[in-house]
Amino acid sequence: MPVVYELFGERLTKSGDQKGRFRFARCPYMGGRQCDGGGNRDMARWPAHKQPLAPFFDASVGKKDGFIPCGICSVIADRSWAICPRRLLAFSSDTPSPEQRYLLRRVLKVAGFRKGDIVRVWPEITVVFKTRDERLNYRLDYVMKTDNAAPVIVEVMTSSTSGGNKAKRSDIQSAFCDAVLYAEGNLPDRGRSPGVNVRQVWARMASQMIVKSQIANAWGGRTIWVVQDALMDYIRSNTGLRLDDLRSPDWQTGEINVIAASMDPPDEVRLYSGPVASAHGAACRAELLNTPIVPEVSVLEDKLTDEKAIGKIVMS
Numbered sequence: 013m014p015v016v017y018e019l020f021g022e023r024l025t026k027s028g029d030q031k032g033r034f035r036f037a038r039c040p041y042m043g044g045r046q047c048d049g050g051g052n053r054d055m056a057r058w059p060a061h062k063q064p065l066a067p068f069f070d071a072s073v074g075k076k077d078g079f080i081p082c083g084i085c086s087v088i089a090d091r092s093w094a095i096c097p098r099r100l101l102a103f104s105s106d107t108p109s110p111e112q113r114y115l116l117r118r119v120l121k122v123a124g125f126r127k128g129d130i131v132r133v134w135p136e137i138t139v140v141f142k143t144r145d146e147r148l149n150y151r152l153d154y155v156m157k158t159d160n161a162a163p164v165i166v167e168v169m170t171s172s173t174s175g176g177n178k179a180k181r182s183d184i185q186s187a188f189c190d191a192v193l194y195a196e197g198n199l200p201d202r203g204r205s206p207g208v209n210v211r212q213v214w215a216r217m218a219s220q221m222i223v224k225s226q227i228a229n230a231w232g233g234r235t236i237w238v239v240q241d242a243l244m245d246y247i248r249s250n251t252g253l254r255l256d257d258l259r260s261p262d263w264q265t266g267e268i269n270v271i272a273a274s275m276d277p278p279d280e281v282r283l284y285s286g287p288v289a290s291a292h293g294a295a296c297r298a299e300l301l302n303t304p305i306v307p308e309v310s311v312l313e314d315k316l317t318d319e320k321a322i323g324k325i326v327m328s
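The numbering of the sequence shown is this note's numbering, which starts it at 13 and goes up by one.
So, in structure tokens, the structure goes:
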């Protein structure tokens, strides 16, 4: 039975062991700021004044939008699965959490940044570009850029959850409620959580991987995909993709670059890189997913204003 594994950055242990720990709904991966719900923003958030959770959170939580954010980082069944992208990698703090420090360094190196570079980061940039006959509309998780370099796109993909069953309290909102009550000692046993829908995540990733990579490559940059190693293990055992042939032990990049990261230990990461299409020009499925157009890089850069940047990273 799947259960909530981590809540607001902490592993759930025994009932009542985290009493009062989540009062301000802070996320350690966002520099201790209030959790924004990550990948569970709207469907799982809890009305701030609604019982039974309201007494366990400070009045400042939900003051802005009226909701307590869902702080579920991961769930566990046969293994632990991150369901919030902030759990895997977040650029929301100038000082990354210990769990993400090594991964962030690897991402910056794959991006091609060097010591002394000041890397600016923008979150959730939407690129819309159309011609008379074609249209492109994508949201980018993060864009990284130095003053004179081409933009680098970073996409963080974590697992989706299945719908669950509200009557059995296995939907994501009920799972969040019961996890808080368990942490506070109001429930003796852990409640259920929805399981993970790994196939859906891979399908969503595959539909965007080539297009976003092609666009960044055409701009002179690259796209870096950050996924959990559990997802790559699933792909290896459930599809015909020869992932081991794409692994890059020397961290040489290619047209498509995927970094697989472990939740525990956090310094276990692998790079998978390779071409979009066959090196010999043979027909392949990649051609079905090619981008129809490549917009001018200014379509993106015009949105990278100082006001929207969430921080700077000084390479050391």
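Don't be surprised by glycine CBs; every beta carbon is placed ideally from N, CA and C.
Computed from a predicted model, the values in this text were never measured in an experiment.
(message) Check whether the stretch 42-61 and the stretch 80-89 are in contact - that is, three or more C-beta pairs closer than 8 Å.
(response) With three or more CB-CB distances shorter than 8 Å, the stretch 42-61 counts as touching the stretch 80-89.
(message) Val16 and Ala191 - do their beta-carbons sit closer together than 8 Å?
(response) Using a Cβ distance threshold of 8 Å, Ala191 and Val16 count as a contacting pair.
(request) Just the C-alpha distance for Ser109 and Thr143, rounded to the nearest angstrom, thanks. (result) When rounded, the distance between both Cα atoms is 43 Å.
(request) Classify Pro67 as buried or exposed, calling it buried when 16 or more other Cβ atoms lie within 10 Å of its own Cβ. (result) Pro67 counts as exposed, since fewer than 16 other beta carbons sit within 10 angstroms of its beta carbon.
(message) For Trp263, tell me which candidate among Met244, Leu283, Pro277 has the shortest Cα-Cα distance.
(response) Comparing Cα-Cα distances from Trp263 to each of Met244, Leu283, Pro277, the minimum goes to Leu283.
(request) Run the CB neighbour count on Asn269, radius 10 Å, all protein chains shown included, and call it buried at 16 or more, exposed below. (result) The residue in question, Asn269, is buried, as its Cβ has 16 or more Cβ neighbours within 10 Å.
(message) If you measure between the beta carbons of Leu243 and Val213, is that distance less than 8 Å?
(response) Val213 sits close to Leu243, with the two beta carbons spaced by under 8 Å.
(message) Closer than 7 Å to a non-hydrogen atom of the ligand GDP - does that hold for the CB of Ala321?
(response) The model on display carries no ligand, and the ligand GDP is accordingly not part of it.
(request) State the start and end residues of the unbroken alpha helix (DSSP H) segment that holds Cys189. (result) For Cys189, the enclosing alpha helix (DSSP H) stretches over residues 184-195.
(request) Excluding the 5 residues preceding and the 5 following Ser310 in the sequence, name in chain order all residues of the same chain whose CB lies nearer than 6 Å to its CB. (result) The answer is none, since no qualifying residue turns up.
(message) Please tell me whether Arg33 and Ala187 are closer than 8 Å, where the distance is taken between their beta carbons.
(response) Against a cut-off of 8 Å, the Cβ pair of Ala187 and Arg33 comes out as no contact.
(request) May I ask you to report which of helix, strand or coil DSSP gives Ile95? (result) Residue state, collapsed to three classes: coil.
(request) Would you kindly report the start and end of the unbroken beta strand (DSSP E) that includes Leu148? (result) Looking at the DSSP string, the run of the beta strand (DSSP E) that includes Leu148 is 147-157.
(request) Using alpha carbons as the reference points, say which of Gln63, Asp106, Val87 lies closest to Arg45. (result) Looking at the Cα atoms, Asp106 is the closest of the given residues.
(message) Between which residues of its own chain and Gly128 is the CB-CB distance below 7 Å, once the five residues before and five after are set aside?
(response) Cβ within range, chain order: Met327.
(message) The beta strand (DSSP E) that contains Met11, what's its start and end?
(response) With the chain covering 13 to 328 only, the question about residue 11 has no answer from this structure.
(request) With Met55 as the anchor, note down where its beta strand (DSSP E) starts and where it stops. (result) Note, Met55: premise wrong, no beta strand (DSSP E); not H, not E.
(message) Less than 6 Å between C-beta atoms, sequence neighbours within five positions excluded: which residues of the same chain meet that for Ala230?
(response) Taken in chain order, the residues that qualify are Val306.
(message) Please report the straight-line C-alpha distance between Val272 and Glu22, rounded to a whole angstrom.
(response) Reading off the sequence, residue 272 comes out as Ala, not Val. Their Cα atoms are separated by approximately 22 Å.
(request) Taking Gln240 as part of the alpha helix (DSSP H), name the residues at either end of that continuous run. (result) Taken as a continuous stretch (DSSP letters only), Gln240 belongs to no alpha helix (DSSP H), being part of the beta strand (DSSP E) at 234-240.
(request) Have a look at Ala218 and Asn198 and give me their C-alpha separation to the nearest angstrom. (result) Taking the straight line from one Cα to the other gives about 42 Å.
(request) In angstroms with no decimal places, state the Cα-to-Cα distance between Ser260 and Val166. (result) A straight-line Cα-Cα distance of about 18 Å links Ser260 and Val166.
(message) I'd like to confirm the pairing. Which residues does DSSP put opposite Pro135 in its beta bridges?
(response) Answer by DSSP bridge pairing, in chain order: Tyr154.
(message) Can you tell me whether Gln63 is buried or exposed? The criterion is at least 16 other CB atoms within 10 Å of its CB, across all chains shown.
(response) Counting every other CB atom within 10 Å of its CB across the protein chains shown gives Gln63 a total below 16, marking it as exposed.
(message) Tell me the rounded alpha-carbon separation between Gln220 and Pro59.
(response) The straight-line gap separating the alpha-carbon atoms of Gln220 and Pro59 is approximately 34 Å.
(message) Buried or exposed for Ile227, going by 16 or more other Cβ atoms inside 10 Å?
(response) By the beta-carbon neighbour count (other beta carbons within 10 angstroms, threshold 16), Ile227 is buried.
(message) Tell me which residue opens and which closes the beta strand (DSSP E) that Pro324 is part of.
(response) Just to set this straight, residue 324 is Lys in the shown sequence, not Pro. Lys324: member of the beta strand (DSSP E) spanning 323-326, first to last residue.
(request) Could you check the C-alpha separation between Pro200 and Asn250 for me, to the nearest Å? (result) If you take the alpha carbons of Pro200 and Asn250, they lie about 37 Å apart.
(request) State the Cα-Cα distance for the pair Pro206 and Ser171, rounded to the nearest angstrom. (result) The straight-line gap from Cα to Cα measures roughly 11 Å.
(request) Give the single residue among Val133, Ile247, Ala37, Ile184 whose Cα lies nearest to the Cα of Asp70. (result) Comparing Cα-Cα distances from Asp70 to each of Val133, Ile247, Ala37, Ile184, the minimum goes to Ala37.
(request) Look at the alpha carbon of Gly266 and the alpha carbon of Ile236, and state the distance between them as a whole number of angstroms. (result) Gly266 and Ile236 have their C-alpha atoms spaced approximately 10 Å apart.
(request) Check whether the Cβ atoms of Ile184 and Met55 sit closer than 8 Å, and answer yes or no. (result) Yes.
(message) For Asp241 and Lys31, what's the separation of their Cα atoms in angstroms?
(response) Each residue's alpha carbon lies about 32 Å from the other.
(request) Output yes or no for whether 8 Å exceeds the beta carbon distance between Ile88 and Pro40. (result) Result no, Cβ atoms of Ile88 and Pro40 do not sit closer than 8 Å.
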